[in-house]
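When we follow the working numbering, the leftmost residue of the sequence shown carries the number 10, and every step to the right adds one. We put the beta carbon where it would ideally sit given N, CA and C, even for glycine.
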Amino acid sequence: MYLKLIKIDFIFNLMKKKTLLLFFIFSVCVSYAQKEKFKGQGPINIVATDSKPVQKQWKGEFKFSDNDVTFSNEFEGARLNGITQNNDSTYTALITSENTPINISPWYTFKVWSKKKQTINLILTYQELIKHRYYPKLSTDGIGWVALDSMRYTAYNTGNTKTFGNSALPLKVKLRLDIGPDTLWVAGQELQNSTLVNSWIDSLTQKKYVTKSTIGKSTEGRDLNMLSLGNTDSKNRIMIISRQHPPEVTGYLAMKAFVETIASDSKLAKKFRNKFATYVVPLMNPDGVDNGFWRHNAGGIDLNRDWANFNQPETRAVKDFMEGLVAKNKGKFYFGIDFHSTWDDIYYTVDPKLKGNMPNLVPNWLSKVKENIEGYDPNISPNDKLVPTTVSRNYFFIEHGAEALVFEVGDNTPRDFLKEKAVIGANELMKLMLENIKNK
Ligand SMILES: [Zn+2]
Numbered sequence: 010m011y012l013k014l015i016k017i018d019f020i021f022n023l024m025k026k027k028t029l030l031l032f033f034i035f036s037v038c039v040s041y042a043q044k045e046k047f048k049g050q051g052p053i054n055i056v057a058t059d060s061k062p063v064q065k066q067w068k069g070e071f072k073f074s075d076n077d078v079t080f081s082n083e084f085e086g087a088r089l090n091g092i093t094q095n096n097d098s099t100y101t102a103l104i105t106s107e108n109t110p111i112n113i114s115p116w117y118t119f120k121v122w123s124k125k126k127q128t129i130n131l132i133l134t135y136q137e138l139i140k141h142r143y144y145p146k147l148s149t150d151g152i153g154w155v156a157l158d159s160m161r162y163t164a165y166n167t168g169n170t171k172t173f174g175n176s177a178l179p180l181k182v183k184l185r186l187d188i189g190p191d192t193l194w195v196a197g198q199e200l201q202n203s204t205l206v207n208s209w210i211d212s213l214t215q216k217k218y219v220t221k222s223t224i225g226k227s228t229e230g231r232d233l234n235m236l237s238l239g240n241t242d243s244k245n246r247i248m249i250i251s252r253q254h255p256p257e258v259t260g261y262l263a264m265k266a267f268v269e270t271i272a273s274d275s276k277l278a279k280k281f282r283n284k285f286a287t288y289v290v291p292l293m294n295p296d297g298v299d300n301g302f303w304r305h306n307a308g309g310i311d312l313n314r315d316w317a318n319f320n321q322p323e324t325r326a327v328k329d330f331m332e333g334l335v336a337k338n339k340g341k342f343y344f345g346i347d348f349h350s351t352w353d354d355i356y357y358t359v360d361p362k363l364k365g366n367m368p369n370l371v372p373n374w375l376s377k378v379k380e381n382i383e384g385y386d387p388n389i390s391p392n393d394k395l396v397p398t399t400v401s402r403n404y405f406f407i408e409h410g411a412e413a414l415v416f417e418v419g420d421n422t423p424r425d426f427l428k429e430k431a432v433i434g435a436n437e438l439m440k441l442m443l444e445n446i447k448n449k
């Protein structure tokens, strides 16, 4: 374009150049202002799901006697593989995964304290080819978390042009931390280990229409707990699962708000519980979560690739439960949802041309969610290649006819907004399902 302009007379040329320049500046501003839309993941690769070895971290306290600084990974969910002291006030941590190949979700959590109050620099580094993903959060009790002040966060080797994925990430980061005799917790996302998840489960069972059961055990012997809500004699059912992937805490938080809405005292929720039984497995991968794994279970496998072969106890437990219930009491699962986290909010749905037990439920539901949140445009990615079933959504749809989707929440989605989306989502889903069942 520019070359062509040179041929035209000089003044006109200058004017054009100015216009072009302004247009260029304008486009750059617009492209920066408008967030690039997340396109979602590519096709899912089918992989073997027979158990593989995993490398557990050494557990204990890393003590530096010069300054009386101690780091610890001695708690459920921790991940800290090694730490060295660079100088008086700077330390470098190494975070590695349970095995490879692995998704880029480098989870870290540890505690740090010192006898004297002091300020330290802490550099987070990862194994080869892996970069820093989760923005650091701090806690004084392991329960309440706040994001690290951005003035105390330095990212190295950024210079990336992409918004999502590995090439959008810094190679390593430096955190500036005030430490002292009181324990400071540092984590990639809010810690939600099996003890915390189970105490949430127990708190819900205070309601007389919520019960807890165990549908199986993980490889390391942890209970796979399930919540049942509402009329369990009903032949109309929905299935909710979460946390196949340990660091995906934002998906877990959305699932919590979603389930609490179905368990609430509202008229709608009561009506829904009367007509439908809701089954929830909030923590699909307790071994992975408590070991601080990045992705896999204790069998070294991505559970969300095992819904065709069922080689792992966690996926098998859900399959046996769902198929056992249908064999015994007949009836149907009308809806299945699996909560995850990724780079940005996205819904992986089943192509609407494929009809399950309640055709068009999911597209209608997502348009209701859109209507009810001002300015919100859900990012929806439908899929029609569901065999082999491989992932939970495909299994729910193909084996049970359940209208199914993966509900993905961004790593950095504001916690208030993910909760709002989940509450509105649960209410709109209950309304639609009640209407649909009336017409059956
Ligand atoms: Zn996931």
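Pick from the options that is closest to residue i, judged by C-alpha positions
i       : options                            : result
Pro-387 : Pro-372, Leu-395, Pro-397, Lys-394 : Pro-372
Pro-145 : Phe-173, Gly-174, Gln-127, Leu-186 : Leu-186
Lys-428 : Tyr-162, Ser-227, Tyr-261          : Tyr-261
Ser-275 : Ser-114, Val-432, Leu-205, Val-56  : Val-432
Leu-89  : Ile-355, Glu-408, Leu-133          : Leu-133
Ser-106 : Gly-309, Ser-401, Asn-54           : Gly-309
Ile-247 : Gln-321, Met-331, Val-258, Asn-318 : Met-331
Lys-46  : Leu-277, Asp-353, Gln-198          : Asp-353
Ala-411 : Ile-250, Gly-345, Gln-136, Tyr-385 : Gly-345
His-409 : Val-78, Thr-398, Lys-171, Glu-137  : Thr-398
Leu-238 : Tyr-385, Asn-207, Phe-281, Leu-441 : Phe-281
Lys-377 : Arg-304, Met-442, Leu-334          : Met-442
Leu-375 : Phe-302, Leu-414, Ser-350          : Leu-414
Thr-58  : Arg-304, Arg-252, Val-289, Arg-314 : Arg-314
Gly-69  : Val-289, Thr-358, Asn-169, Thr-79  : Thr-79
Lys-265 : Val-56, Asn-76, Asp-75, Lys-430    : Lys-430
Val-268 : Phe-73, Pro-361, Lys-216, Gly-365  : Lys-216
Pro-361 : Gly-384, His-349, Lys-394          : Lys-394
Val-289 : Asn-320, Gln-321, Phe-342          : Phe-342
Thr-118 : Leu-138, Gly-384, Thr-149          : Thr-149
Arg-304 : Gln-321, Asn-166, His-254, Pro-179 : His-254
Leu-147 : Trp-194, Val-206, Glu-229          : Trp-194
Glu-323 : Asn-300, Phe-302, Ile-250          : Ile-250
Arg-231 : Asn-300, Thr-172, Lys-279, Asn-175 : Asn-300
Met-439 : Val-359, Leu-370, Tyr-404, Thr-172 : Leu-370
Contact with chain C by residue i, beta-carbon distance below 8 Å
i       : result
Thr-170 : Absence of chain C from the displayed structure is noted, only one protein chain being present.
Distance between residue j and residue i (C-alpha atoms, nearest Å)
i       : j       : result
Asn-306 : Ile-210 : 21 Å
Gly-91  : Phe-406 : 43 Å
Ser-243 : Gly-340 : 8 Å
Cys-38  : Lys-284 : Because the pLDDT of Cys-38 is 42, which lies under 50, any placement of that residue in the model is unreliable, and the question is left without a value.
Pro-256 : Leu-103 : 17 Å
Leu-213 : Glu-83  : 28 Å
Leu-363 : Ala-272 : 30 Å
Gln-66  : Lys-120 : 15 Å
Lys-53  : Val-396 : Residue identity differs from the one stated: residue 53 is Ile in this sequence, not Lys. Going from the Cα of Ile-53 to the Cα of Val-396 covers about 11 Å.
Glu-437 : Ser-159 : 37 Å
Pro-368 : Ala-435 : 18 Å
Glu-380 : Phe-426 : 15 Å
Tyr-218 : Lys-328 : 24 Å
Ile-446 : Lys-140 : 48 Å
Val-400 : Ala-317 : 8 Å
Asn-421 : Tyr-135 : 20 Å
Ile-101 : Gly-333 : Here residue 101 is Thr; the residue named in the question, Ile, does not match the sequence. Cα to Cα, the separation comes out at about 51 Å.
Asn-338 : Asn-245 : 11 Å
Asn-448 : Leu-277 : 17 Å
Asp-77  : Arg-402 : 50 Å
Ile-355 : His-349 : 10 Å
Val-206 : Leu-236 : 12 Å
Ile-55  : Phe-302 : 21 Å
Asp-347 : Tyr-385 : 21 Å
Beta-carbon proximity of residue i to residue j, cut-off 8 Å
i       : j       : result
Asn-234 : Lys-221 : yes
Gly-419 : Thr-259 : yes
Leu-126 : Gly-189 : The identity of residue 126 in the sequence shown is Lys, whereas the question assumes Leu. Contact: yes.
Gly-49  : Ser-390 : yes
Ala-164 : Val-182 : yes
Phe-416 : Ala-286 : no
Thr-192 : Trp-122 : yes
Ser-98  : Thr-128 : yes
Pro-291 : Arg-252 : yes
Thr-167 : Pro-179 : yes
Ser-74  : Asn-320 : no
Tyr-162 : Leu-184 : yes
Gln-94  : Tyr-143 : no
DSSP bridge partner residues for residue i (one or two, in chain order)
i       : result
Lys-246 : Here residue 246 is Arg; the residue named in the question, Lys, does not match the sequence. Note: Arg-246 sits in a beta bridge opposite Ala-286, Phe-342.
Thr-93  : Thr-101
Arg-185 : Asn-130
Tyr-135 : Ile-104
Can you confirm whether the segment 288 to 297 touches the segment 190 to 210 when touching is taken to mean that 3 or more C-beta pairs between the two stretches lie within less than 8 Å? yes
Please confirm if the segment 105 to 119 is in contact with the segment 223 to 233, defined as three or more CB-CB distances below 8 Å between the two stretches. no
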